[in-house]
Amino acid sequence: MSSTSFTSLTALAQHLRDDLENKKHVLLYAYNGTGKTRLSTEFKNFWKNGDQRDTLYFNAFTEDLFSWDNDLENDRERVLKINSGSRFFAGLGEMEMDNRIRPLLNRYADFDFRIDTTKWEISFSREVQDGDTTTDVDHIKVSRGEENIFIWCFFLAIVELALDGAEAYRWVKYIYIDDPISSLDEHNAIAVANHLAQMLKRGSNSLKTVISTHHALFFNVLCNELGRAKKYFLSKGNLADSYLLRETGDTPFFHHVATLAELYEAAQSGRLYTYHFNMLRAVLEKTASFHGYQGFAECIRRDNDDPEGILHARLLNILSHGNYSLYEPQEMLEENKRYFRKILYDFLNRYPFNSALFPPTPSPSEDAADGTAQELETAKS
1 MSSTSFTSLT ALAQHLRDDL ENKKHVLLYA YNGTGKTRLS TEFKNFWKNG
51 DQRDTLYFNA FTEDLFSWDN DLENDRERVL KINSGSRFFA GLGEMEMDNR
101 IRPLLNRYAD FDFRIDTTKW EISFSREVQD GDTTTDVDHI KVSRGEENIF
151 IWCFFLAIVE LALDGAEAYR WVKYIYIDDP ISSLDEHNAI AVANHLAQML
201 KRGSNSLKTV ISTHHALFFN VLCNELGRAK KYFLSKGNLA DSYLLRETGD
251 TPFFHHVATL AELYEAAQSG RLYTYHFNML RAVLEKTASF HGYQGFAECI
301 RRDNDDPEGI LHARLLNILS HGNYSLYEPQ EMLEENKRYF RKILYDFLNR
351 YPFNSALFPP TPSPSEDAAD GTAQELETAK S
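Using the working numbering, the letters of the sequence shown map in sequence onto residues 1 to 381.
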């Protein structure tokens, strides 16, 4: 696989624009903290002339175009305010955005909304069942996860307008999407990625797209759906403020290793959520299949007090089948975090990967007690 080094985000943004002269889609995978969001902003700002832009983008700053008015005085009419000065909302008044957003939102959520284009605000409602009676509760404040998916569907509705050549979005030449939804479980990562890919592939639209993500499965599905896209792994370079862009074409293998790196990073940081058990099980199942085993339990280390490996296999089986919320991920209990780390670290000891992808931490904190982190460091030395 070829790789190219860049001394700045500006040079990298220029390279991506050059790629899009010959390609319709560019896909980037990068770990959190690499600079994906800053790159999307640099790409957006690369070409501008006064107020003129050529990129419709979605990143962490897109959420800042919306802000809550919680009606602190009466605590009744809570609304989400819209930044009326942004070109993001250029077609809001005349495009019947409610009817464009609602079919998209219904894929993922059970609440409804109404956009007031005179006050530039959005109110939310939900049906509440009480026995045989159904009541509409208005002016609710949706959760943070529900707010995120609403904003994502708002963006998708605008993308559809740009793809259809709507006058309000004729200025759009590029679409740049950075990590649209965080903390997706595997099933919904596939659903969201597939839906996005089908939207971008439809018709003969001339818009070019860059999509960057830290979600391994989301990236892998996009690679499969957008087969002719340029596919990259983005990482930090050896020099300060430098970046390395490496082409990757072997997406199934890449997904496997990238998922492990993501799980390891989560385990080291302590930010472990219930859906991480699903991801770990998927890796173990793929490994078992590769080595010709009948089940993933064969890839779990067997302790002296559990020679058949029943305990951890049963734990992983149970904990990977919970009905976990898509946009409200639950953090693991501390005991489950310890089990997760032990299974993961033992797996990495048994099947050593490139140590550069799994750097040991100076002080393993809570894992020092059972020695699993120390075992990992020892195995890598």
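For every residue, glycine included, the Cβ atom is placed at its ideal position computed from N, Cα and C.
CA-to-CA, the gap between F66 and G295 works out to about 47 Å. The three-state secondary structure of E247, taken from DSSP, is strand. A residue is called buried once 16 or more other Cβ atoms fall within 10 Å of its Cβ, and Y176 is buried on that count. Per DSSP, reduced to three states, the secondary structure at Y169 is helical.
In its chain, beyond the 5 residues on either side, T209, L226 and A229 have a beta carbon closer than 6 Å to the beta carbon of H25.
Rounded to whole angstroms, the gap between the alpha carbons of F353 and P359 is 11 Å. Taken atom to atom, the span from the alpha-carbon of R17 to that of L272 is near 36 Å. Spatial neighbours of Y57 in its own chain (CB-CB distance under 6 Å, excluding positions within 5 residues in sequence) are listed in chain order as S40, K44 and Y176. For W152, the three-state secondary structure derived from DSSP is helix.
E121 sits in a strand when the DSSP states are folded into three classes.
Selection L80, A189, N188 and L222 evaluated against K201 yields L222 as nearest (Cα-Cα). Exclusion of the five residues before and after G93 leaves T117 as the residues of its chain whose Cβ lies within less than 8 Å of its Cβ. The beta-bridge partner set that DSSP reports for W68 consists of L80. In the DSSP assignment, Q129 forms a beta bridge with T134. Beta-carbon to beta-carbon, Y29 and T213 are separated by about 6 Å, close enough to satisfy the 8 Å threshold.
Annotation: the continuous alpha helix (DSSP H) that includes V283 extends over Y275 to H291. The criterion of a C-beta distance shorter than 9 Å is satisfied by Q330 and T274. Around the CB of V137, fewer than 16 other CB atoms lie within 10 Å, so the residue is classed as exposed. One Cα belongs to D179, the other to G131, and the distance between them is close to 40 Å.
If you look at T37, you'll find it in the alpha helix (DSSP H) that goes K36 to F46. In the structure shown, the three-state DSSP call for R114 is strand.
When the Cα atoms are used, R114 and N99 turn out to be separated by approximately 10 Å. Scanning E77, M95 and G91 for the CA closest to the CA of S125 turns up E77.
Looking at the DSSP output, V26 sits in a beta bridge with V210 and K230. Beyond the five residues adjoining it in sequence on each side, W120 comes within less than 7 Å, by CB distance, of K81, I82 and S84 in the same chain, given in chain order. Taking the Cα of S86 as reference, the smallest distance to any Cα among R102, D64 and I140 is reached at D64.
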